[in-house]
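S.K.: Okay, here's the structure, questions in a sec.
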Amino acid sequence: MKTVLLSLKVKDTEPFIWSKVLSSYLKRSYGPQWTQFYNAPKNKELDNLRINANSDLAGEAMLEQNLKYYAYLEQMYLRIRKQPSHLKLEFTWYDVEYEYNGTQKYTQQTLVFEKSSILFNIGVIFARLAKEKMYSDDKESIQLLTKAASCFTYMSETFLNSPSVDLQAGTTKFLGTLLHAEAQELFLLRLINGENPSKRASLISKLAYTCSQLYESCTNFYVDISKDDPYAVLYGGIGWDTTVAFKFSLYEALAAYNYALAAEQTGKIGVALAFMKKASVSIWNASYSKMAGNEEINFEGIKFTIEDKLKSLQKDNDYIYHEVVPADVNLDVIKPMDAIKLVPFHQILKPYMDATSDASNEIFKGIVPVEIYEKESIYSEKKSDLLRKEMEDLEAAEWEYRSFIEFTNLPKLITDLKMRLANRSLSEDPQVTMMKQQIQDWSTTVRSSKLSDISKQNKIILQKRNDIIKLLSQASPANMDDVVKIKSSLVQASKADEKLFLPVKSCIEEIKLLQNPSLLWSNFNSFGVQEQPNLLDIDDSKNDQIKERLKQISEHYENFSLLREERSRSLEELKEWMKQDDITKILILNHDKSDSEMEELFKNELEKFNPFINRIKATIFKQKNIINDIKVGLDTIFKLTDIQNKPSGERIKEEQRNEFYERLQKAIVAFAVFQRDLPKGLCFYDQLYEMSSKLVQSGTNVAGEQQSTQPATDFVTSVENNMHNLTLSESKQLDLGPTPAIPELPGALLNSAPLPPPKIPERPQFMSNTNPNPNNMNDDTTNNGLETDGAPKPILPEKLPPHFTDNPDNPTAFYNAPSVFSENMYSKFSK
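Quick note: the sequence shown, position 472, residue 472 per UniProt numbering, numbers continuous.
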């Protein structure tokens, strides 16, 4: 038994140039930078792809081009679904020209119209290929018909309210059902044309009944059109309505016939005879709508087989079985079986979506919905938080490293221990050696400073105040308001001086001690610094243990550098990966996810950075272990050298020595702050004295204004120029921090000519003993203090005082921008 499949036609279209539309959109959206988002070769490929998809290529090549082009359309639709009008699209398509239907042109300014028309052609091409392979490879033909049915079924559920007759939901649903029926029909014919089909009569009856139901749905499509409008033009070619009606009755007859055979095989002769009569009625109904000129279906042979079997059953029942024949039977007793499972269209399209993904990102790079940008912003913030946390962990690890190295002075300690071990003796406690070196540096700093005489500097400050007060007493009564303000600034400066001098005055004895080396070392040595016994006299076995421990500590110290390099490299790689990371494509494909699903998506995307994060964490964890190992190793060395096994009297001396060291440490910190900030006060008083002098002179000029031929404004200009030139010497440049807000002045002062403030130079940062070069911890040239008048820089302990620029309790904060320097301060110079 054979069959025929209906011939479908593809839709035709008018030319459309994507490159022109996309370039125009990018120009409107991005202006002169539009070329950054435009890929001319890729756009040209898209134009050629549309041309090929609507050309006269061979079936398989044409199908490939249409599927690929539809994938591009789907990629674009994901980007412009809420703003299609911005692109100014305009597509023109024609309805398929059948004998019943004339060609009608439709123009739409929406991408959906283009998508639905291309998908229509894809379904038609699948059906055409199935018809070509029907006899050569019926199995592949069934698969092609199934895909064609999937296309039209998807269209009927997705694309609604189309003006085109071809694309209306009713039409595409009809075509989907028709192709589904033809796929079921080919599957059924494989069984009917197989060996001994009578043994499969029950299965064939179920498949045939399903096939008849599908064709019945197609018949109802035409019946419904005729009911709604008797003069309506039917869809499709001539004979389509007759063909589906014929196949409906034919497969209904085959369903009844095979069900009768199955009943006969089980001994139900009466039921078999009743269904055979039903088959005879259905085959006669089919003859009324038989397809004209078709010789493929052996209709007469099928009709003869049914009639002959009916006569045989009737004769056997009359003469042998005498069973009661049911008066009326219904095919509903047959359980339908659909052998065709439609493949979801997105599965058919998925390979092409994957293949065009990268190219789509290039072509449509400039077309991204606002909501995608918003989600990208959220994701970028999450990346920033992740990076910020890793940077904080890395900075904490770096601080821990520097603190440990500085506290232990590890490089020097290792070198010192190795030298002592090489000489086979430990003449002194390494900790005592470290103290002596620090004290020596501190002493050199104090002795080299010109500010080490605290009492002398205090007298200088007092003298400068008295000079200013004496000068202000000569000011004119007309300038009394400004005199009051200058004296107010003197009071504030006095308070600042008290705060500045207080720490060093409490440590003045220690500072004097640092100025006297002989007395300093006499005091230090009074705490019982004694030589340790020769290492050989202790125990040779301990010597080997010390060597092994020192070797381990040296290796650990070298590993520090490797860990830091690995940590920094991992962080840089993490930054680079985050910079290159772009999930626009993923967000576009998942645009319809809920907020909770999007959070999960972000979480999964961030996991791609875990390898770098784990490497950073591993270096931090290993650094902690190395620090602990070094501490244990040093403790072991000290114990092996009996450094810690001291009698109680010696431990008391050690405590006294540590207390003495801490007092010196406190003194050098206070002196460093004093040495840093005192020049600001001295400079301040010098400038204030000069300003007071000019204020006194201005009063004299105003008093003699009637005799003077020079306008007062010339004097004001001269004063302003002088004030602009006020500055500190380069050797005393200070960072005075941010200038405080100018205080609000009375209305009378606001109307006067302002005097500009003097130029305040910047002050260098107060350096700590923290090496600014973390990659060179042994650099002996590191600046560890303030350089004043060529003096060496003080080496400070690891715990530095707070940075006074940021501390509200800064004793010299007043000098950074005192109110006396307000440009609105002086109100009467021009009067």
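In this text, a Cβ means the ideal position worked out from N, Cα and C, and glycines have one as well.
In angstroms, rounded to a whole number, what distance separates the CA positions of residue 832 and Ser554?
M.R.: Residue 832 falls outside the range modelled here, since the chain spans only 1 to 831, and no answer is possible.
S.K.: Please report the distance separating the alpha-carbon of Val223 from that of Ala355.
M.R.: In this structure, the CA atom of Val223 is about 44 Å from the CA atom of Ala355.
S.K.: Looking at Tyr379: is its Cβ nearer than 8 Å to the Cβ of Ile238?
M.R.: no
S.K.: Suppose you measure from the CA of residue 834 to the CA of Lys147; what does that come to, to the nearest Å?
M.R.: There is no way to answer for residue 834, as the model of the chain reaches only from 1 to 831.
S.K.: For the beta strand (DSSP E) containing Lys105, name the first residue and the last one.
M.R.: Lys105 to Gln108
S.K.: For Ser249, is the classification buried or exposed, using 16 other Cβ atoms within 10 angstroms of its Cβ as the cut-off for buried?
M.R.: A buried status is given to Ser249, since no fewer than 16 other beta-carbon atoms sit within 10 Å of its beta-carbon.
S.K.: To the nearest angstrom, report how far apart Leu179 and Thr3 are at their CA atoms.
M.R.: 14 Å
S.K.: For Gln108, which option in Tyr135, Met134 and Leu167 has the closest C-alpha, if you only look at C-alpha atoms?
M.R.: Measuring from the Cα of Gln108, the nearest candidate turns out to be Leu167.
S.K.: Report the rounded CA-to-CA distance for Ser212 versus Asp241, giving the unit in angstroms.
M.R.: 14 Å
S.K.: Which complete alpha helix (DSSP H) runs does the region 345-399 hold, if anything under 4 residues is left out?
M.R.: 345-355 and 357-363
S.K.: So, for Asn52: in the same chain, excluding its five sequence neighbours on each side, which residues have a beta-carbon less than 6 Å away from its beta-carbon?
M.R.: Excluding residues up to 5 positions away in sequence, Gln65 lie with their Cβ nearer than 6 Å to the Cβ of Asn52 in the same chain.
S.K.: Ordered along the chain, which non-local residues of its own chain (more than five positions away) have a Cβ less than 7 Å from that of Val696?
M.R.: Leu471, Gln474 and Ala475
S.K.: Output needed for Glu60: all residues of its chain with C-beta closer than 6 Å, excluding positions within five of it in sequence on either side, in chain order.
M.R.: none
S.K.: With Leu386 and Phe602 assumed to form a contact (beta carbons below 8 Å), what rounded beta-carbon distance in angstroms separates them?
M.R.: Not quite, the Cβ-Cβ distance comes to about 11 Å (not below 8 Å), so this is no contact.
S.K.: Are the beta-carbon atoms belonging to Leu129 and Met76 less than 8 Å from one another?
M.R.: no
S.K.: Apart from the five residues on each side of it in sequence, which residues of its chain come closer than 7 Å, Cβ to Cβ, to Ser693?
M.R.: Leu471
S.K.: Just to check my reading of the structure: residue 875 and Ser164 have Cβ atoms closer than 8 Å, yes? What is that Cβ distance to the nearest angstrom?
M.R.: Past the edges of the chain, shown from 1 to 831, lies residue 875, and the structure says nothing about it.
S.K.: Are the region 136-154 and the region 34-49 touching by the rule of at least three beta carbon pairs closer than 8 Å?
M.R.: No: the two stretches stay apart, fewer than three of their Cβ pairs being nearer than 8 Å.
S.K.: Using only CA atoms, which one of Ile125, Gln36, Lys27 and Phe345 lies nearest to Ala58?
M.R.: Ile125
S.K.: Would you mind giving the Cβ-Cβ distance between Ile627 and Phe404, rounded to the nearest angstrom? I have them listed as a contact below 8 Å.
M.R.: Confirmed, Cβ separation roughly 5 Å.
S.K.: Please list, in chain order, all residues of the same chain as Ile508 whose beta carbon is under 7 Å from its beta carbon, the five residues on each side excluded.
M.R.: Ile454
S.K.: For Tyr352, I'd like the list of residues in its chain whose CB is within less than 7 Å of its CB, leaving aside the five on either flank, ordered along the chain.
M.R.: Leu67, Lys68 and Ala71
S.K.: Since Lys579 and Glu362 are thought to touch, with beta carbons under 8 Å apart, how far apart are those beta carbons, to the nearest angstrom?
M.R.: Lys579 to Glu362, Cβ: 19 Å. No contact.
S.K.: Return helix, strand or coil for Thr13, following the three-state DSSP convention.
M.R.: strand
S.K.: Drop a sphere of 10 angstroms on the beta-carbon of Gln184, count the other beta-carbons inside from all chains shown, and report buried for 16 or more, exposed for fewer.
M.R.: buried
S.K.: Tell me the DSSP secondary structure of Phe159 in three-state form.
M.R.: coil
S.K.: When you compare only the Cα positions, how much space is there between Ala292 and Leu313?
M.R.: Low confidence applies here, because Ala292 scores a pLDDT of 49, under 50, leaving its location unreliable and the question unanswered by this model.
S.K.: Suppose you measure from the CA of Glu90 to the CA of Trp284; what does that come to, to the nearest Å?
M.R.: Using only the alpha carbons, I get a separation of about 52 Å.
S.K.: Among the candidates Asn625, Ser526 and Leu175, whose CA atom is the shortest distance from the CA of Lys653?
M.R.: Ser526
S.K.: For Tyr94, which residues does DSSP report across the bridge?
M.R.: Asp12 and Lys105
S.K.: Would you report the Cα separation of Phe501 and Arg465, rounded to the nearest angstrom?
M.R.: Cα to Cα, the separation comes out at about 16 Å.
S.K.: Quick one: Cα of Ser452 to Cα of Arg663, how far?
M.R.: 17 Å
S.K.: Please look up how many angstroms separate the CB atoms of Ser282 and Glu252, rounded, as I've assumed it's under 8 Å.
M.R.: 4 Å
S.K.: Contact defined as beta carbons within less than 8 Å: I believe Leu310 pairs with Lys268. What is the distance between those atoms, to the nearest angstrom?
M.R.: The pair is not a contact, with the Cβ atoms about 16 Å apart (cut-off 8 Å).
S.K.: Take Val324 and list the residues in its own chain whose beta-carbon comes closer than 7 Å to its own, dropping the five residues that flank it on each side.
M.R.: Gly270
S.K.: Pick from Ser357, Tyr259 and Lys199: whose alpha carbon is nearest that of Glu74?
M.R.: Of Ser357, Tyr259 and Lys199, the residue nearest in Cα terms is Ser357.
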